[in-house]
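full-length UniProt numbering applies: residue 1 is where the sequence shown begins, and numbers increase by one.
Report on one structure; see the data block that follows.
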Amino acid sequence: MNRIFRNTLGLIGLIAAFTACQENSFENGSDFIGSIDMQPAYEIDEITSYSEKIKSVQTNGLSNYLLGTYDDPVYGKSSTSLLTQLRLDRTSPDFGTNPEVDSVVLSFPFYGRETGENEYELDSIYGTGDFKLKIYESNYFLRTIDPGSDGDFDEDQAYYSDQIGDFENFFSTTPVFESDVITYNDVTSPITLIDSSDPEENDTINLSPRIRIKLPVSYFKNKIIDKEGSDDLVNNNKFVNYFRGLYIKMEQTGPEPIMYYLNFNNDASEIKIHYTTERESLNVEDSIVQENETFKLNFKGIKVNLYDNNFDVDLTSQDKINGEENIYLKGGEGSAGIINLFDGADTDGNGVSDLLEEIREKNWIINEANLMVYVNEDISPINTDKARRLFVYDADKNRILADYQNDPTVNSDNPSTSASIHLPPLDEDENGNKFYRLRITDHINNVINNDSTNVKLGLLLSENVNLTRIKKVKNGPNSEIDKIIESSVISPRGMVLHGSNSPDAEKRLKLRIIYTETEN
Numbered sequence: 001m002n003r004i005f006r007n008t009l010g011l012i013g014l015i016a017a018f019t020a021c022q023e024n025s026f027e028n029g030s031d032f033i034g035s036i037d038m039q040p041a042y043e044i045d046e047i048t049s050y051s052e053k054i055k056s057v058q059t060n061g062l063s064n065y066l067l068g069t070y071d072d073p074v075y076g077k078s079s080t081s082l083l084t085q086l087r088l089d090r091t092s093p094d095f096g097t098n099p100e101v102d103s104v105v106l107s108f109p110f111y112g113r114e115t116g117e118n119e120y121e122l123d124s125i126y127g128t129g130d131f132k133l134k135i136y137e138s139n140y141f142l143r144t145i146d147p148g149s150d151g152d153f154d155e156d157q158a159y160y161s162d163q164i165g166d167f168e169n170f171f172s173t174t175p176v177f178e179s180d181v182i183t184y185n186d187v188t189s190p191i192t193l194i195d196s197s198d199p200e201e202n203d204t205i206n207l208s209p210r211i212r213i214k215l216p217v218s219y220f221k222n223k224i225i226d227k228e229g230s231d232d233l234v235n236n237n238k239f240v241n242y243f244r245g246l247y248i249k250m251e252q253t254g255p256e257p258i259m260y261y262l263n264f265n266n267d268a269s270e271i272k273i274h275y276t277t278e279r280e281s282l283n284v285e286d287s288i289v290q291e292n293e294t295f296k297l298n299f300k301g302i303k304v305n306l307y308d309n310n311f312d313v314d315l316t317s318q319d320k321i322n323g324e325e326n327i328y329l330k331g332g333e334g335s336a337g338i339i340n341l342f343d344g345a346d347t348d349g350n351g352v353s354d355l356l357e358e359i360r361e362k363n364w365i366i367n368e369a370n371l372m373v374y375v376n377e378d379i380s381p382i383n384t385d386k387a388r389r390l391f392v393y394d395a396d397k398n399r400i401l402a403d404y405q406n407d408p409t410v411n412s413d414n415p416s417t418s419a420s421i422h423l424p425p426l427d428e429d430e431n432g433n434k435f436y437r438l439r440i441t442d443h444i445n446n447v448i449n450n451d452s453t454n455v456k457l458g459l460l461l462s463e464n465v466n467l468t469r470i471k472k473v474k475n476g477p478n479s480e481i482d483k484i485i486e487s488s489v490i491s492p493r494g495m496v497l498h499g500s501n502s503p504d505a506e507k508r509l510k511l512r513i514i515y516t517e518t519e520n
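In structure tokens form, the structure reads like this:
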């Protein structure tokens with residue numbers, strides 16, 4: 001047995017194995033009769049890891065979008081901009097008689113939570129820098145369906161992070177709007193407004209922190225108010241063909257960068273036109289009154305994140321046979337890790353390693369299987385801006401693992417604690433070294449006991465483990481990654497992990513299993 005495994009945990013592993021057996025042996029091993037022999041935890045040596053650059057990734061149809069600049073000490077600087085459709089909040093609008101636009105306000109709320117009266121904790125801002133916002137009109141038509149090379153129109157249209165060259169010739173040559181310098185404090189402080197709907201009351205309205213700026217009145221009067229009664233405002237299909245969208249970019253103005261998550265799930269993400277108009281009085285016959293009204297454009301149409309990326313790590317010559325010292329992970333248009341398990345000698349050439357065949361013959365009960373992944377803190381020091389979660393998935397069939405499907409802690413209400421059995425957050429060992437313990441027990445049990453295919457695993461940084469939709473990747477014909485999980489697409493962050501060939505044996509990537517031997 002020593003030639004297959006290396007005992008690593010001693011008494012601690014034995015206690016863990018006993019506990020796991022007590023809890024799981026009847027669940028996982030109800031189909032055997034006979035005695036059991038509990039084993040301490042072991043590490044499987046047949047594991048190879050390396051990295052692959054994500055050259056371009058699908059960025060439409062996301063749950064969140066990034067805007068700004070992020071500077072990673074390892075991977076360099078990346079900037080994101082946004083191409084977005086607008087939609088009418090109500091179609092065929094009636095603006096009354098002689099409408100006059102008072103103001104047009106753009107609002108982008110942030111993610112966060114209220115911690116007290118008009119106090120907020122934000123978790124959607126990276127950095128503290130100042131910036132300018134520039135907005136251009138786009139005449140590029142964003143479509144929902146891809147006509148395809150055969151003209152079948154049977155797939156959703158995918159737009160990618162590197163398509164700025166396809167779009168920019170359709171942008172207005174001068175910006176529709178350019179802001180003054182906006183500071184970190186300008187957008188992170190709560191906002192108090194006077195409610196003008198009832199001049200006699202002078203009530204106040206408290207708003208959570210957000211980007212909130214006034215846009216040119218004349219532009220939106222011409223584009224929206226003056227089009228009342230035209231076919232362009234009859235429905236949103238006609239509207240998005242008439243007004244095809246806006247291109248929004250953020251320019252860093254000082255030494256410090258800043259990047260924001262834009263919370264388009266919040267209905268307060270909007271462009272609101274405030275205007276006064278004449279209406280017939282409901283109380284006095286043949287009387288005309290002045291009314292204060294608003295009209296809203298929302299961001300519920302197609303949106304595309306576009307990247308200007310300086311990826312400073314060379315991943316062109318990865319050793320896929322012996323594995324690499326490090327795994328390089330960066331979200332967005334970044335990089336992914338690839339992990340091959342049981343990739344040793346295959347004497348009979350049947351595509352299954354000799355070790356895996358030998359284990360399958362032993363009828364083991366897999367009580368627990370963990371990928372132990374240590375952060376290379378010499379290259380990528382941990383700070384508060386590092387991702388707390390990793391995501392491992394089936395990179396051959398581009399789907400989540402059985403462990404995610406079976407994790408009872410998966411919940412949509414709190415992403416920070418969701419899937420905490422399968423994908424626990426960043427942890428620390430007794431020596432203060434940072435690591436991730438990725439539990440893949442069900443996956444390994446399927447590979448060993450159910451003869452499931454030993455698939456290649458993909459490893460990603462994750463910003464929100466609840467976002468499991470698959471997004472396409474354009475990486476070229478020799479790529480091993482053609483799709484990744486959405487939760488990595490929306491992350492700007494980067495990290496370096498110890499790989500399977502790390503010179504630090506204690507922190508080397510490991511597959512550690514706790515199993516029970518059976519005697520039939």
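The beta carbon of each residue, even a glycine, is placed where N, CA and C say it ideally should be.
Since the structure is predicted, the reported quantities are computational estimates derived from the model, not experimental observations.
Query: Please state the DSSP three-state secondary structure of L207.; Result: strand
Query: Mind checking whether I366 and I248 have CB atoms under 7 Å apart?; Result: no
Query: Which residue comes first and which comes last in the alpha helix (DSSP H) that contains H443?; Result: 441-449
Query: Tell me whether D72 sits in a helix, a strand or coil according to DSSP, three-state version.; Result: strand
Query: So K303 and L82 are supposed to be a Cβ contact under 8 Å. How far apart are they, rounded?; Result: 6 Å
Query: Quickly, what does DSSP pair E498 with across the bridge? List them, please.; Result: It should be noted that the sequence gives His, not Glu, for residue 498. Paired residue(s): N326.
Query: Answer with buried or exposed for P255, where buried requires no fewer than 16 other C-beta atoms within 10 angstroms of its C-beta.; Result: exposed
Query: Do you know whose CA, among K296, E486, I514, lies nearest Y65's CA?; Result: E486
Query: Who does K510 pair with in a DSSP beta bridge?; Result: M372
Query: Is I225 helix, strand or coil when you go by DSSP?; Result: helix
Query: Check whether the region 123-137 touches the region 159-167, taking contact to mean three or more Cβ pairs, one atom from each stretch, closer than 8 Å.; Result: no
Query: Go through the region 242-297 residue by residue and report every complete run of the beta strand (DSSP E) that reaches 3 residues or more, in order.; Result: 246-252, 258-262, 270-280
Query: Could you give the uninterrupted runs of the beta strand (DSSP E) lying entirely in the region 412-481, keeping only those of 3 residues or more?; Result: 434-439, 457-462, 470-472
Query: What whole-angstrom Cβ distance do M495 and V375 have, given they're in contact under 8 Å?; Result: 6 Å
Query: How should I205 be labelled, buried or exposed, when 16 other C-beta atoms within 10 angstroms of its C-beta is the threshold for buried?; Result: exposed
Query: Between the beta-carbon of S380 and the beta-carbon of V74, is there less than 7 Å?; Result: yes
Query: Touching or not, the region 109-117 and the region 205-225, by the rule of three or more beta carbon pairs under 8 Å?; Result: yes
Query: Distance, Cα to Cα, G76 vs L511?; Result: 31 Å
Query: For N398, which residues in the same chain have their Cβ closer than 8 Å to its Cβ, ignoring the five residues on either side in sequence?; Result: I470, D482, K483
Query: So, is L222 buried or exposed, given that buried needs 16 or more other C-beta atoms within 10 angstroms?; Result: Sequence check: residue 222 is Asn here, not Leu. Exposed, because fewer than 16 other Cβ atoms sit within 10 Å of the Cβ of N222.
Query: Taking the continuous alpha helix (DSSP H) assigned at residue 533, which residues delimit it?; Result: Lying outside 1 to 520, the shown extent of the chain, residue 533 is not represented and no answer is given.
Query: Could you tell me whether the Cβ atoms of T48 and N326 are closer together than 7 Å?; Result: no
Query: Distance check for E463 and T84, CA to CA, integer angstroms please.; Result: 22 Å
Query: Report the rounded CA-to-CA distance for I54 versus Q318, giving the unit in angstroms.; Result: 14 Å
Query: Do you know offhand how far Y393's Cα is from K272's?; Result: 41 Å
Query: Leaving out five residues on either side along the sequence, give the residues of the same chain with a beta carbon under 6 Å from the beta carbon of N60.; Result: Y159, I302, V304
Query: Step through the CB atoms of chain E and report whether any lies within less than 7 Å of the CB of S491.; Result: No chain E is present in this structure, which holds just one protein chain.
Query: Return the residue from the list I145, F141, G148 that minimises the CA-CA distance to F170.; Result: F141
Query: Tell whether a beta-carbon distance below 7 Å holds between V57 and V473.; Result: yes
Query: Between which two residues does the beta strand (DSSP E) carrying N235 extend?; Result: That residue, N235, is in no beta strand (DSSP E); it is neither H nor E in DSSP.
Query: State the Cα-Cα distance for the pair Y515 and D45, rounded to the nearest angstrom.; Result: 16 Å
Query: How about A369 and T453: are their beta carbons less than 7 Å apart?; Result: no
Query: Three or more C-beta pairs closer than 8 Å, one from the region 291-298 and one from the region 89-100: is that the case here?; Result: yes
Query: If the criterion is Cβ atoms closer than 7 Å, does the pair L371 and L461 meet it?; Result: no
Query: Within 10 angstroms of its Cβ, does S502 collect 16 or more other Cβ (buried), or is it exposed?; Result: buried
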